[in-house]
Amino acid sequence: MDFQKIQQPNLRRVPVRRDIMSLSPEELVAYQAKLDDVLRVRELGSKWQELGVLHAYWCLHYQEATFMWHRAYLRYVEELMDFPIPYWNGFAKEAACSTSKFAGIPPMFLEETYQHPSGETRQNPLRFAKALNGKSKDGKSSTVTRNPILTEGPDAKGWKEKIELFKIYHDQIAHALEQKTYTTSESAQHFGVPWANITDFTDDQPDKDYPFRFDFDGLFEQVHDNFHGWVGPDMADNTYTAFDPIFLSYHANMDRLAGIFMDANPENQFTSRFPLQPFINNGTDIDYDDPRRWRYTTIGDMAKDTRALGYMYGEPASPDFSTRKTAEERGVRRAVSSGGKAIVLPAGLPGQDMTAATNSLKSTKKRELIPYVVFTEVGCTTSSYRIDVFTAGAESTAPDVVGNPDFIGQVTRLGMGRGRDGSGPPNTNRCRKPTATRVLCAGKFKDSLSKGDALKIIVTDLETGKEVDEEEYTQMSGFVPKLAWLPDY
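Using UniProt numbering, the first residue of the sequence shown is number 1, and each one after it goes up by one.
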């Protein structure tokens with residue numbers, strides 16, 4: 001045998017996105033230098049400014065494509081830098097502990113300077129990136145700004161309460177990861193009894209009224225928006241958000257978690273041919289003007305194992321709040337191909353298995369009902385808002401996870417912003433009609449809630465920091481929640 005003719009395997013190294021808290025000083029400097037020298041984040045008229053505007057005008061929200069679009073965006077940024085983006089793990093269990101080193105914004109985003117490989121001491125690009133057109137969201141700085149509690153650190157008033165909001169966020173992420181479906185297609189969103197036909201949302205509703213299910217994409221985007229508002233002000237406005245370098249590391253972690261969900265559910269279906277404009281060539285390049293839609297990267301292109309896309313993730317520096325087994329760890333080696341039926345017959349007709357179809361309606365034991373706070377007709381807004389939800393009899397409206405026993409949770413409505421010229425939301429054609437939903441599990445408050453409760457909510461405009469009058473927010477789509485009692489699933 002001629003061993004010289006045996007081809008060597010292609011052992012091309014797959015770039016690893018590491019937890020930013022696990023980077024060595026040399027690795028961190030290498031990343032900072034890429035931001036400085038390649039993207040020129042501290043300069044106007046730079047690639048960084050172009051990337052921020054790309055996101056502001058093209059990103060997709062309130063739909064299945066949201067996280068796939070951002071996956072393509074990160075791929076494009078990495079292609080430009082030729083360097084893997086390190087992730088910030090806000091899902092680390094310790095991130096909710098106010099005394100932990102993992103609490104708050106990672107310290108490298110707050111440092112004043114760094115030592116460039118040339119030996120020069122420079123301003124830290126992770127902190128001093130130029131905001132949109134050199135003007136921050138609050139108009140007080142030429143660089144991006146963040147919540148002052150987070151920049152001041154553990155000695156700041158309100159630090160403990162701010163950090164402990166992650167207890168809610170972690171529960172929300174864990175809830176999203178527990179689901180089995182990534183999304184519900186448009187054609188399948190109308191099964192069951194229309195909510196308009198249910199006159200009362202009671203604590204004793206029959207199971208048959210609620211053939212509901214949770215979807216990963218909506219649950220995950222809901223908590224995604226909370227993190228944006230938590231970091232703010234620039235991160236809390238879609239027009240400004242991608243100008244903050246923390247955006248890259250934050251979204252890298254959300255991409256990691258979305259990948260965990262997809263790895264655990266390989267049988268999920270997607271609108272595979274939906275184009276993620278303006279990305280082409282699997283997210284490694286862009287084209288703003290080509291009318292040939294087939295050229296653009298699609299949801300199907302991005303809904304793959306990250307290794308097939310040319311990157312992978314390193315282990316978190318601090319363990320995640322919760323973990324979910326991959327399909328492979330559960331013994332599922334590959335997705336099972338389904339379909340093949342010319343007609344799907346209703347349950348009860350010959351040849352149909354009645355067991356699975358009627359299991360939820362004919363259980364031997366009535367399922368416990370759990371209260372949920374449900375927002376319907378949610379869609380794009382110009383400004384960003386935080387909605388804090390409390391029990392009807394709440395004595396305090398402080399959003400304190402530990403100190404206020406009546407604080408159910410919060411929903412952030414991430415606004416699209418007013419665009420570069422301030423005239424209005426950019427590229428409104430990408431916004432769906434207000435058909436999304438948002439939900440908060442209120443199971444822990446079951447004893448404090450009952451039929452007919454009018455939940456107490458406080459709506460805050462994140463741009464002004466002022467409370468929005470009830471008369472104003474009741475006229476806005478998707479701001480007034482309903483209390484629904486749903487069977488434990």
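From the three backbone atoms N, C-alpha and C, an ideal C-beta is built for every residue, glycine too.
- Assignment of ARG438 by DSSP, reduced to helix, strand and coil, places it in the strand class.
- As summarised for the region 109-173, the continuous beta strand (DSSP E) elements at least 3 residues long and confined to that stretch are 113-115, 121-123, given in chain order.
- Here the C-alpha atom of VAL373 lies approximately 5 Å from the C-alpha atom of LEU483.
- A buried status is given to VAL389, since no fewer than 16 other beta-carbon atoms sit within 10 Å of its beta-carbon.
- Under the criterion of beta carbons closer than 8 Å, PHE214 and TYR182 do not qualify as touching, at roughly 11 Å.
- By the Cβ criterion, the region 64-81 is in contact with the region 278-291, since at least three pairs of Cβ atoms, one from each stretch, lie closer than 8 Å.
- Counted as a single uninterrupted DSSP element, the alpha helix (DSSP H) harbouring PRO25 occupies residues 25-34.
- The secondary-structure analysis by DSSP pairs GLU467 across a beta bridge with THR460.
- When C-alpha distances from ARG292 are compared across LEU309, ALA303, ARG273, the shortest belongs to ARG273.
- For TYR385, the three-state secondary structure derived from DSSP is strand.
- Taking C-beta atoms as the reference points, MET81 and LYS137 fail to come closer than 8 Å.
- Boundaries of the beta strand (DSSP E) harbouring LYS482: 482-487, taken from the DSSP string.
- With contacts defined as CB atoms closer than 8 Å, LEU132 and GLY229 fail to qualify as a contacting pair.
- PRO245 places its beta carbon 8 Å or farther from that of LEU414.
- Looking at the DSSP output, ILE286 sits in a beta bridge with PHE279.
- Bridge pairing for TYR313: ARG17 [DSSP].
- Rounded to the nearest whole angstrom, the C-alpha separation of LEU177 and ARG17 is 21 Å.
- Linking ASP255 to GLU111 through their CA atoms gives a straight-line distance of about 26 Å.
- DSSP places ASP263 within a helical segment (H, G or I) once states are collapsed to three.
- In the DSSP assignment, PHE390 forms a beta bridge with PHE407, LYS456.
- Note on geometry: alpha-carbon atoms of THR239 and MET416 lie some 6 Å from one another.
- Counting the other Cβ atoms within 10 Å of the Cβ of THR66 gives 16 or more, which makes it buried.
- For PRO233, same chain residues with a beta-carbon under 6 Å away, outside a window of 5 residues either side, are LYS137, ASP138, THR145 in chain order.
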